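Chemist:
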Amino acid sequence: MYHKKLDLFPNDFLWGSASAAYQVEGAWNEEGKGESIWDRFVKIPGKTFKGTTGEVAVDHYHRYKEDIQLMAEQGLKAYRFSVSWSRVIPDGNGEINEAGLKFYEDLIDELLANDIEPVVTLYHWDLPQALQDEYLGWEGRQIINDFTRYCEILFKRFKDKVKYWVTLNEQNVFISHGYLAASHPPNVKDPKRMLQANHHANLANAKAIQLFKKMDMKGQIGPSFAYGPTYAFDAKSKNQLAAENREEFNAYLWMDIYVYGRYPKVAWKYFTENGIAPTIEDGDMELLKEGKPDFLGLNYYQTFTVKDNPLDGVGAGKPNYTGEKGSTEESGMPGLYKEVTNPHVEYTNWDWAIDPAGLRIAMRRMTSRYDLPILITENGLGEYDRLEADGRIHDEYRIDYIREHIIAIQEAITDGVEVLGYCTWSYTDLLSWLNGYQKRYGFVYVDRDELNEKELKRYKKDSYFWYKKVIETNGKELRKYETE
Numbered sequence: 003m004y005h006k007k008l009d010l011f012p013n014d015f016l017w018g019s020a021s022a023a024y025q026v027e028g029a030w031n032e033e034g035k036g037e038s039i040w041d042r043f044v045k046i047p048g049k050t051f052k053g054t055t056g057e058v059a060v061d062h063y064h065r066y067k068e069d070i071q072l073m074a075e076q077g078l079k080a081y082r083f084s085v086s087w088s089r090v091i092p093d094g095n096g097e098i099n100e101a102g103l104k105f106y107e108d109l110i111d112e113l114l115a116n117d118i119e120p121v122v123t124l125y126h127w128d129l130p131q132a133l134q135d136e137y138l139g140w141e142g143r144q145i146i147n148d149f150t151r152y153c154e155i156l157f158k159r160f161k162d163k164v165k166y167w168v169t170l171n172e173q174n175v176f177i178s179h180g181y182l183a184a185s186h187p188p189n190v191k192d193p194k195r196m197l198q199a200n201h202h203a204n205l206a207n208a209k210a211i212q213l214f215k216k217m218d219m220k221g222q223i224g225p226s227f228a229y230g231p232t233y234a235f236d237a238k239s240k241n242q243l244a245a246e247n248r249e250e251f252n253a254y255l256w257m258d259i260y261v262y263g264r265y266p267k268v269a270w271k272y273f274t275e276n277g278i279a280p281t282i283e284d285g286d287m288e289l290l291k292e293g294k295p296d297f298l299g300l301n302y303y304q305t306f307t308v309k310d311n312p313l314d315g316v317g318a319g320k321p322n323y324t325g326e327k328g329s330t331e332e333s334g335m336p337g338l339y340k341e342v343t344n345p346h347v348e349y350t351n352w353d354w355a356i357d358p359a360g361l362r363i364a365m366r367r368m369t370s371r372y373d374l375p376i377l378i379t380e381n382g383l384g385e386y387d388r389l390e391a392d393g394r395i396h397d398e399y400r401i402d403y404i405r406e407h408i409i410a411i412q413e414a415i416t417d418g419v420e421v422l423g424y425c426t427w428s429y430t431d432l433l434s435w436l437n438g439y440q441k442r443y444g445f446v447y448v449d450r451d452e453l454n455e456k457e458l459k460r461y462k463k464d465s466y467f468w469y470k471k472v473i474e475t476n477g478k479e480l481r482k483y484e485t486e
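To convert a position in the sequence shown, counted from 1, into this note's numbering, add 2.
1. Beta-carbon within less than 7 Å of Leu129's beta-carbon, same chain only, minus the 5 sequence neighbours each way: which residues are those?
2. Looking only at its chain, what residues have a beta carbon closer than 8 Å to the beta carbon of Ala257, apart from the 5 residues adjacent to it on each side?
3. What does DSSP give as the partner residues of Arg442 in its beta bridges?
4. Just reading off the beta strand (DSSP E) that Glu119 is part of, what are its end residues?
5. Quick check on Arg366: does DSSP put it in helix, strand or coil?
6. Within 7 Å (strictly less), CB to CB, does Ser428 reach chain B?
7. Would you mind giving the Cβ-Cβ distance between Glu452 and Tyr439, rounded to the nearest angstrom? I have them listed as a contact below 8 Å.
8. Could you pull the start and end residues of the alpha helix (DSSP H) that Ser19 belongs to?
9. Buried or exposed: where does Arg195 fall if 16 or more other Cβ atoms within 10 Å of its Cβ makes it buried?
10. DSSP on Tyr483, reduced to helix/strand/coil?
11. Are the CB atoms of Asp449 and Lys462 nearer to each other than 7 Å?
12. I need the boundaries of the beta strand (DSSP E) containing Leu377, first residue and last residue.
13. Just the Cα atoms here: how many angstroms apart are Phe51 and Leu433?
14. Quick one: give me the first and last residue of the alpha helix (DSSP H) that Phe176 is part of.
15. Thr54 by DSSP, collapsed to three states: which one?
16. Which residues in the same chain have their Cβ closer than 6 Å to the Cβ of Glu455, if we skip the five residues on either side of it in sequence?
17. Any idea if Leu133 is buried or exposed, counting beta-carbon neighbours within 10 angstroms, 16 or more meaning buried?
18. Please report how far the alpha carbon of Gly418 lies from the alpha carbon of Asp296, in whole angstroms.
19. Would you grab the beta carbon distance between Val308 and Arg248 for me? Rounded to a whole angstrom, and I think it's under 8 Å.
20. Less than 7 Å between the C-beta atoms of Leu480 and Gly423, yes or no?
21. For Glu385, which option in Glu33, Pro375, His396, Asp392 has the closest C-alpha, if you only look at C-alpha atoms?
22. Could you check which residue in Glu68, Ala279, Pro345 has the C-alpha nearest to that of Phe235?
23. Residue ranges of each alpha helix (DSSP H) run of no fewer than 4 residues wholly in the segment 59-129, ordered along the chain?
24. Under DSSP, the beta strand (DSSP E) around Val261 begins and ends at which residues?
25. Closest to Phe251 by CA distance: which of Leu300, Gly337, Gly325 is it?
26. Val421 by DSSP, collapsed to three states: which one?
Have a look at this one:
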């Protein structure tokens, strides 16, 4: 769809950026914080790049005022961050740690004092280890009530301060990596356990949203989903069907539950025929239907291109966590699809497809199928950045990436998509989970690496100044940028 003229961004558009507790806070065992599953998992040899951990991360816990001052100078409208469940309730379901709760209250108050809208993510992967030990975490139904209690504590404390809430961040990622690939905690490879844990996460998400509405909260709530739209490699019917399969098992399987409270029929039949369907108890489907969100959070990084894959075809391959371009192994689901290189797009050093039009396609598909507002909760470029002798970081490649994705958002808005805001990933550089600290995403460079924490000094990248101009002009000025 071509337009003679693009619509302007809404005046209240949330120009933001994002982070996650484990990736930025550090202070992993300070002031009463309990151990999380990531605190434990990263100590398993070979699981993370060069054995990196978030024990210090970029020390946001002690430097949040400095980081928020940088946000204020940039003119940021929204900051999306996550609360660490084990910092608020160290054992997951026992006594509240007031020091942990106060940290987040102070953080929120500092944001509000600087006219920055807090967007609070309730769960961004760092489950209290105590709950994993007690009943296998997401595999135990008790987690539904424990998560709801945790949410209620935060709802009550911040009811008058926070307008935007994200329930679960990238459920499709933490469940799939944790229970199929063993690349995230709890380090499991079992599709039946994966689907049972996923069902409990669906119920926990729905119950949190149900509670939010019962409490008459002043704001909006929804899950954040990592959606990478699928393309067929070509017009061959088998490859087109492979693309349908990937959408069914990597998109509809989650978003249909969020919005309609039902499992897609094709996926459910596959699960039952293969003996891996989750156990559904009385009342589960009714609860799922009551958990309809106010918006869908969208984490968009790339598209995927697929071909046909026979029953004896390609299975899961090893991803690229080193930054060695081209090292990703071929991957797929036998009998459904296999992922292949798209010859029409460029790729990052971590083999992620750079495809701004895919963001527009994602939003169009989501709007057509679900008809809900979209809050872009993550989008950004992870790449190598170099700190120059004069303290500059010239990241024109990041500017180009974000600019083209903002244009895609504006095109989608002109198409008729309702978009609440855009949060880049990430604000400062941070721990990139399995990739260490060399894969940088931020507007603000943090001077540390995998082996040396250094002084964790902050430096403004060229992209910092460029995004400042974007915010000042409400998206009108995208082509030029200035540095101080």
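Idealized CB from N, CA, C, for every residue including glycine. These numbers were taken from a predicted model, which means no experiment stands behind them.
Modeler: On the basis of the coordinates in this document:
1. Ser38, Ile39, Trp87, Gly139
2. At residue 257 the sequence reads Met, which differs from the Ala that was named. Phe227, Tyr229, Leu298, Met368, Arg371, Tyr372, listed in sequence order.
3. Glu385.
4. Here the beta strand (DSSP E) through Glu119 covers 119-125.
5. helix
6. Considering every chain present, this structure includes no chain B. It has just one protein chain.
7. In this structure, Glu452 and Tyr439 form a Cβ contact; the two beta carbons are roughly 5 Å apart against a cut-off of 8 Å.
8. Run containing Ser19: none in the alpha helix (DSSP H); it sits in the beta strand (DSSP E), 16-20.
9. buried
10. The predicted position of Tyr483 is uncertain, since its pLDDT is 42 and thus under 50; no value can be drawn from it.
11. Judged by their CB atoms, Asp449 and Lys462 are not nearer to each other than the 7 Å cut-off.
12. 376-380
13. 10 Å
14. Taken as a continuous stretch (DSSP letters only), the alpha helix (DSSP H) holding Phe176 covers 173-178.
15. coil
16. Only Val58 meet the Cβ criterion.
17. buried
18. 18 Å
19. Confirmed, about 5 Å.
20. no
21. His396
22. Among Glu68, Ala279, Pro345, the Cα nearest to that of Phe235 is on Pro345.
23. Taking only runs of at least 4 residues, the alpha helix (DSSP H) segments lying wholly in the segment 59-129 are 62-76, 87-90, 100-115.
24. Unbroken run through Val261 is the alpha helix (DSSP H), 255-262; no beta strand (DSSP E).
25. Gly337
26. strand
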